[in-house]
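Notes to accompany the following structure.
Residue numbers (the working numbering): 1 to 380.
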C-alpha cells in the first residue's frame with residue numbers, strides 16, 4: 001500500500017476499534033467491513049457503505065468457495081481428471097453443478113466491481129486514484145480486451161488475497177493479546193512513550209515502534225493465514241484441540257530434485273509454510289507467542305513478513321497500534337459472567353481462521369474514546 005492510502009487505513013482502523021468498544025460481538029463482520037472498505041477503495045475507487053453491500057458480500061462468498069474448491073480431497077476430480085468429461089446426469093457428477101455455481105459467483109465478484117469502476121470514471125463516482133481507474137485512464141483508447149482481462153483478474157486477486165487473510169491475522173492478534181496481557185502492557189508502554197496519549201498512532205509512526213512491529217511479525221509467524229501444509233497438529237499454547245487444515249495444492253512445472261528426492265513434473269505438492277514458521281531451530285519455543293524473539297531486528301521480522309504484500313502489513317499495523325493505544329483487550333464472558341479464553345482451534349479451509357471466540361475491548365480512558373469518536377468522516 002503506497003503512503004497516499006495510509007490515512008484511509010488509519011481512519012478505518014480507528015472506526016473499527018470505536019465500533020467494537022460498543023459491540024464486540026460483531027468483530028468478524030466489522031473487520032470484514034473495514035478491511036473491505038480499504039481494499040475496494042484502493043482497487044476500484046468504491047466506498048462500501050454497509051456490511052451487506054453486494055460489492056463486499058459477493059467477494060466474501062467467492063473466497064469461501066475458493067477455500068472449498070482448493071482444499072485437497074474435497075473433489076475426486078482433482079485426483080482423477082478424466083471425471084471432468086462425464087455427463088452431468090451421471091451419479092457422482094454433482095461437482096460439475098457446484099463448479100458452475102462457484103464460477104458464476106467468482107465472475108460476478110470480479111467483473112461487477114470492475115465494470116462499476118470503468119463506467120463511473122466519467123460520472124465522478126469513482127474515487128481516484130485507484131488501481132483499475134488509473135490504469136484505464138492512462139491506457140485511454142489504447143486499452144485492449146486482453147489488457148482489461150488481465151486488469152480485471154489482477155484487481156480481483158487483490159480483493160481475494162487481502163480480505164480473508166487480514167481477518168485471519170486480526171483474530172490471531174486478539175487471541176494472542178487476551179492470553180498474554182503482559183505483552184499488551186509492554187506494547188502500550190511503547191505507544192504511550194513514542195506517540196503519547198493526545199493523538200492516535202498512525203502508520204507513519206511505524207519506524208519508531210519496534211515492539212508493535214515485533215507483535216505483528218509474531219502474529220504472522222504464529223498463525224499464517226494460508227499455512228499451505230498437510231494436516232498438522234497445532235498445539236499452540238495449551239489450548240489447541242484440533243489439527244491445522246491443509247492449504248493450497250501446487251504442481252511442479254518441471255522435473256526437479258530436492259535433497260536427493262526426485263520430484264517429477266506435475267507432481268502434487270503442498271509446501272508446509274506452517275512448519276517452516278514453527279521450526280524450533282529457527283524459532284526457539286515456536287509454540288509460544290514471543291515478540292521478543294525478533295529483538296527489534298528488521299531482518300529477523302522479514303523472515304515472517306517478506307512473503308506478504310506491503311499493504312497487508314500496513315493495515316494490520318494500523319489495527320494493532322490503534323487497538324493497543326486506546327483499549328485493553330479482554331476475554332469475553334459466558335452466560336455466568338465467567339471469562340472465556342480463546343482456544344487455538346481452526347476452521348477447515350484453505351485460508352485458516354481461529355474458531356470464533358468472545359472478546360471485549362475496554363477503553364483505556366475517556367480521552368481515548370474521544371480520539372476515536374473524533375476521527376474525520378470524510379471519504380478519500
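The C-beta atom is built at its ideal place from N, Cα and C for all residues, glycine as well.
query: What separation, rounded to the nearest whole angstrom, lies between the Cα atoms of residue 196 and residue 202?
result: Stepping through the chain shown from its first residue, residue 196 is reached at position 196. Stepping through the chain shown from its first residue, residue 202 is reached at position 202. When only Cα atoms are considered, residue 196 and residue 202 end up about 12 Å apart.
query: How many angstroms separate the CA atom of residue 119 from the CA atom of residue 36?
result: Residue mapping note: residue 119 aligns to position 119 of the chain shown, counting from 1. Residue mapping note: residue 36 aligns to position 36 of the chain shown, counting from 1. Residue 119 and residue 36 have their C-alpha atoms some 21 Å from each other.
- prompt: How many angstroms separate the CA atom of residue 236 from the CA atom of residue 103?
  reply: Along the chain shown, one-based indexing puts residue 236 at 236. Along the chain shown, one-based indexing puts residue 103 at 103. No answer about residue 236 holds up, because its pLDDT of 31 lies below 50 and its placement is not dependable.
- request: Using beta-carbon positions only, say whether residue 106 and residue 62 come within less than 7 Å of one another.
  value: Indexing the chain shown from 1 puts residue 106 at position 106. Indexing the chain shown from 1 puts residue 62 at position 62. In terms of Cβ geometry, residue 106 and residue 62 form a close pair [threshold 7 Å].
message: Taking 7 Å as the threshold (C-beta atoms), are residue 301 and residue 24 in contact?
response: Along the chain shown, read from residue 1 onward, the residue named residue 24 stands at position 24. Along the chain shown, read from residue 1 onward, the residue named residue 301 stands at position 301. Cβ distance not < 7 Å, so residue 24 and residue 301 don't count as in contact.
query: Would you call residue 307 buried or exposed, if buried means 16 or more other Cβ atoms sit within 10 Å of its Cβ?
result: In the chain shown, counting from the first residue as 1, residue 307 sits at position 307. Note that residue 307 has pLDDT 49, beneath the 50 cutoff, so the model's placement of it is unreliable and no number is given.
- request: Determine the DSSP secondary structure at residue 155, reduced to helix, strand or coil.
  value: Locating residue 155 in the chain shown gives position 155, counting from the first residue. Residue state, collapsed to three classes: helix.
query: Which class does residue 260 belong to by DSSP, given the choice of helix, strand or coil?
result: Position 260 of the chain shown, counting from 1, holds the residue named residue 260. If DSSP states are grouped into helix, strand and coil, residue 260 belongs with coil.
- request: Identify the continuous alpha helix (DSSP H) that holds residue 34 and give its terminal residues.
  value: Taking the first residue of the chain shown as position 1, residue 34 is located at position 34. Run containing residue 34: 27–44, per the alpha helix (DSSP H) assignment.
query: Below 7 Å between beta carbons: does that hold for residue 188 and residue 177?
result: In the chain shown, residue 188 corresponds to position 188, counting from 1. In the chain shown, residue 177 corresponds to position 177, counting from 1. No, Cβ-Cβ distance for residue 188 and residue 177 is not below 7 Å.
query: Mapping DSSP to helix, strand and coil, what is residue 362?
result: Working through the chain shown from its first residue, we reach residue 362 at position 362. Strand.
task: Quick one: grab the DSSP three-state call for residue 103.
output: The residue given as residue 103 occupies position 103 in the chain shown. In the structure shown, residue 103 sits in a helix (DSSP, three-state: H, G or I).
field: Touching by the beta-carbon criterion (3+ pairs, under 8 Å), the segment 282–296 and the segment 159–169
entry: These segments do not touch.
query: What first and last residue would you give for the alpha helix (DSSP H) that runs through residue 278?
result: Within the chain shown, residue 278 is the residue found at index 278, counting from 1. Annotation: residue 278 is outside any alpha helix (DSSP H) and is labelled neither H nor E by DSSP.
query: With C-beta atoms as the reference, is residue 45 less than 7 Å away from residue 133?
result: Along the chain shown, read from residue 1 onward, the residue named residue 45 stands at position 45. Along the chain shown, read from residue 1 onward, the residue named residue 133 stands at position 133. Their beta carbons are under 7 Å apart, which means residue 45 touches residue 133 by this criterion.
message: Among the candidates 6, 4, 20, whose CA atom is the shortest distance from the CA of residue 372?
response: On the chain shown, position 372 is the one that residue 372 refers to. The residue with the shortest Cα to Cα distance from residue 372 is 20.
query: Helix, strand or coil: how does DSSP classify residue 354 here?
result: The residue given as residue 354 occupies position 354 in the chain shown. Reduced to three states, the DSSP call for residue 354 is strand.
message: Tell me the rounded alpha-carbon separation between residue 278 and residue 179.
response: Position 278 of the chain shown holds residue 278. Position 179 of the chain shown holds residue 179. Using only the alpha carbons, I get a separation of about 19 Å.
- request: For my contact list, residue 114 and residue 152 are in at a C-beta cut-off of 8 Å; report their separation, rounded to the angstrom.
  value: Numbered from 1 along the chain shown, position 114 holds the residue referred to as residue 114. Numbered from 1 along the chain shown, position 152 holds the residue referred to as residue 152. Cβ atoms of residue 114 and residue 152 come within 8 Å of each other, at about 4 Å.
message: Looking at residue 80: is its Cβ nearer than 7 Å to the Cβ of residue 95?
response: Along the chain shown, read from residue 1 onward, the residue named residue 80 stands at position 80. Along the chain shown, read from residue 1 onward, the residue named residue 95 stands at position 95. Contact: no.
field: Given 8 Å, three or more beta-carbon pairs between the segment 39–53 and the segment 345–361
entry: Too few Cβ pairs lie closer than 8 Å, so no.
task: Buried or exposed for residue 190, please, with buried defined as at least 16 other CB atoms from any protein chain shown within 10 angstroms of its CB.
output: By 1-based counting over the chain shown, the position of residue 190 is 190. Label assigned to residue 190: buried.
query: From residue 340 to residue 331, what distance separates their C-alpha atoms?
result: By 1-based counting over the chain shown, the position of residue 340 is 340. By 1-based counting over the chain shown, the position of residue 331 is 331. When rounded, the distance between both Cα atoms is 6 Å.
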